[in-house]
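Data block below; observations after.
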Amino acid sequence: MNLVYADAYTLNPGDLDWTPLKSLGNVTLHDRTAPDQLIERLKEADMVLVNKVKMNRETLEQLPKLRYIGVTATGYDIIDVKAARERDIVVTNVKGYGSPSVAQLTIALLLELTNRVGLHADSVRAGDWTRNPDFCYWKTPLVELAGKTLGIVGFGDIGKSVASIGLAFGMTILVNRRHTDEEPPAGIRYVDQATLFAESDVVSLHCPVTDENRAFVNRELLSRMKPTAFLINTSRGALINEPDLAEALNQDRLAGAGLDVVTVEPPSAGNPLFSARNCIVTPHLAWATQESRQRLLHETAENIRAFFAGKPRNVVN
2 MNLVYADAYT
12 LNPGDLDWTP
22 LKSLGNVTLH
32 DRTAPDQLIE
42 RLKEADMVLV
52 NKVKMNRETL
62 EQLPKLRYIG
72 VTATGYDIID
82 VKAARERDIV
92 VTNVKGYGSP
102 SVAQLTIALL
112 LELTNRVGLH
122 ADSVRAGDWT
132 RNPDFCYWKT
142 PLVELAGKTL
152 GIVGFGDIGK
162 SVASIGLAFG
172 MTILVNRRHT
182 DEEPPAGIRY
192 VDQATLFAES
202 DVVSLHCPVT
212 DENRAFVNRE
222 LLSRMKPTAF
232 LINTSRGALI
242 NEPDLAEALN
252 QDRLAGAGLD
262 VVTVEPPSAG
272 NPLFSARNCI
282 VTPHLAWATQ
292 ESRQRLLHET
302 AENIRAFFAG
312 KPRNVVN
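Mind the numbering: the sequence shown is residues 2 to 318 in the working numbering, read in order.
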């Protein structure tokens, strides 16, 4: 079968071995595929892999040979799953491959906000320590996390990992989740959204985007937060109303934000968060450790093997 990967570079810029995929059939790898190249490149494909390339109804109607779409990510909103189902095209995703890495960057963003390691390292390189009359100095307030309250919105694998790290720091953990019919783990309290934002010293988002929660972190919810609190988002940019967050930061109604995602990616140069005070933005790299991408490649190959065996797994449509 012909397998075409439309945007392979993101998964493997050259540091992974493609053998797990290439052993499965006739594989064509494209680093990137522009919208006007998509049909031509996929017209002979029985199977397609995509990371962020969109496959809408119009596209699927022009690909009569297509029988399988593998999304090399967890989110699959790039695929018109209803149209795929109508055409008997199996769509799969990969869950859980990046949970440790995303939790790690969540904490890295928080620690950068509380300790400003990069700022102080740059200051030393610039000679500030050499010229300082005292044996030490700090350029920003330093914040200890022990005894602070960490609020986690969403409690899947990543949220649970972040909670575990927070507990290790000696933090109090609040969780807002959809299903609270079970007892929370030791040291964790389930609360409503308003309570979490009001009581937390750090709020970290770990939930998917839905029609109900799109841009839910808005001016009203931000106004409930302590002016000393931090907001972390390593989930989806569309959870936050970006102008409202920028306004809160610039008016000192929030101490800082650490974001690995924005609403539109790649973003425009005019995104208000890029010039907002005490706002750290990284380019959606939480998932991208080599170890995480290796797991993603392995699980993608296993999804295809399961499809070949007539027992597809991780099917989302």
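Note that beta-carbon positions come from the ideal geometry of N, C-alpha and C, so glycine has one too.
Starting from R294, trace the alpha helix (DSSP H) both ways and give me its first and last residue.
-> 291–309
Would you mind working out which of L222, L240, P228 sits nearest E213, comparing C-alpha positions?
-> L240
Who are the near neighbours of L61 in its chain, counting only those whose CB is closer than 8 Å to its CB and skipping five residues on each side?
-> L67, D81, A84, A85, R88, I90
Figure out for me which residue from A307, I305, E300, G311 has the closest Cα to the Cα of V95.
-> Nearest of A307, I305, E300, G311 to V95, Cα basis: E300.
Beta-bridge pairing of Y6 - partner residues as DSSP gives them = Residue pairing by DSSP puts Y6 in a beta bridge opposite L30, L50.
Are the segment 123–139 and the segment 152–161 in contact at 8 Å, needing three or more beta carbon pairs?
-> No: the two stretches stay apart, fewer than three of their Cβ pairs being nearer than 8 Å.
Whose C-beta lies closer than 8 Å to the C-beta of N27 among residues of the same chain, with five residues either side of it excluded?
-> M2, N3, L4
Please look up how many angstroms separate the CB atoms of C280 and L274, rounded, as I've assumed it's under 8 Å.
-> 5 Å
Euclidean distance between Cα positions of K23 and S100 | 26 Å
Count the other C-beta atoms from every protein chain shown that fall within 10 angstroms of the C-beta of V265, then say buried if there are 16 or more, exposed otherwise.
-> exposed
Does the separation of the CB atoms of K53 and D8 fall below 8 Å?
-> With a cutoff of 8 Å on beta-carbon distance, K53 and D8 are scored as near each other.
P313 versus D47 - alpha carbon distance = 15 Å
For H257, is the classification buried or exposed, using 16 other Cβ atoms within 10 angstroms of its Cβ as the cut-off for buried?
-> In the sequence under discussion, the amino acid at residue 257 is Gly, which differs from the His named in the question. Counting every other CB atom within 10 Å of its CB across the protein chains shown gives G257 a total of 16 or more, marking it as buried.
What separation, rounded to the nearest whole angstrom, lies between the Cα atoms of L197 and E221?
-> 14 Å
Could you round the C-beta distance between D245 and L223 to whole angstroms and report it? I think they count as a contact, below 8 Å.
-> 6 Å
Provide the residue(s) that pair with S205 in DSSP beta bridges, ordered along the chain.
-> I153, I233
Residue interval of the beta strand (DSSP E) (run including G259) = Its beta strand (DSSP E) spans residues 257–260.
Apart from the five residues just before and just after Y98, which ones in its own chain have a Cβ nearer than 7 Å to its Cβ?
-> S293, R296, L297, E300
Flag this pair as touching only if the segment 129–144 and the segment 173–186 have three or more C-beta atom pairs under 8 Å; answer yes or no.
-> Touching, no, given that fewer than three Cβ pairs across the two stretches are closer than 8 Å.
Can you name, in chain order, every residue of its own chain whose Cβ lies under 8 Å from the Cβ of I40, other than the five neighbours on each side?
-> T60, Q63, L64
Pick helix, strand or coil for N13, following the three-state DSSP scheme.
-> Judged by DSSP in its simplified three-state form, N13 adopts coil rather than helix or strand.
Using the beta-carbon count (16 or more within 10 Å), is S236 buried or exposed?
-> With 16 or more neighbouring CB atoms inside 10 Å of its own CB, S236 falls in the buried class.
Terminal residues of the continuous alpha helix (DSSP H) containing I80?
-> Looking at the DSSP string, I80 is not in any alpha helix (DSSP H), and its letter there is neither H nor E.
Reduced DSSP secondary structure (H/G/I, E/B, other) of G160 = helix
If we ignore side chains and look at the alpha-carbon of each, how far apart do L17 and Y10 end up?
-> 11 Å
Going by DSSP, which residues form a beta bridge with C280?
-> A258
Take V317 as the anchor and find which of L30, G71, N57 has the nearest alpha-carbon.
-> G71
Report the partner residues of V92 according to the DSSP bridge assignment.
-> V92 is bridged to I70.
Can you tell me the Cα-Cα spacing of Q38 and S205, whole angstroms?
-> 38 Å
Could you check the C-alpha separation between T34 and T150 for me, to the nearest Å?
-> Approximately 44 Å between the Cα atoms of the pair.
Have a look at L30, L25, P21 and flag the residue whose alpha-carbon is nearest the alpha-carbon of P14.
-> L30
A104 versus C137: straight-line alpha-carbon distance, rounded = A104 and C137 have their C-alpha atoms roughly 32 Å apart.
CA nearest to the CA of T73, picked from G152, D253, T290, T93 = T93
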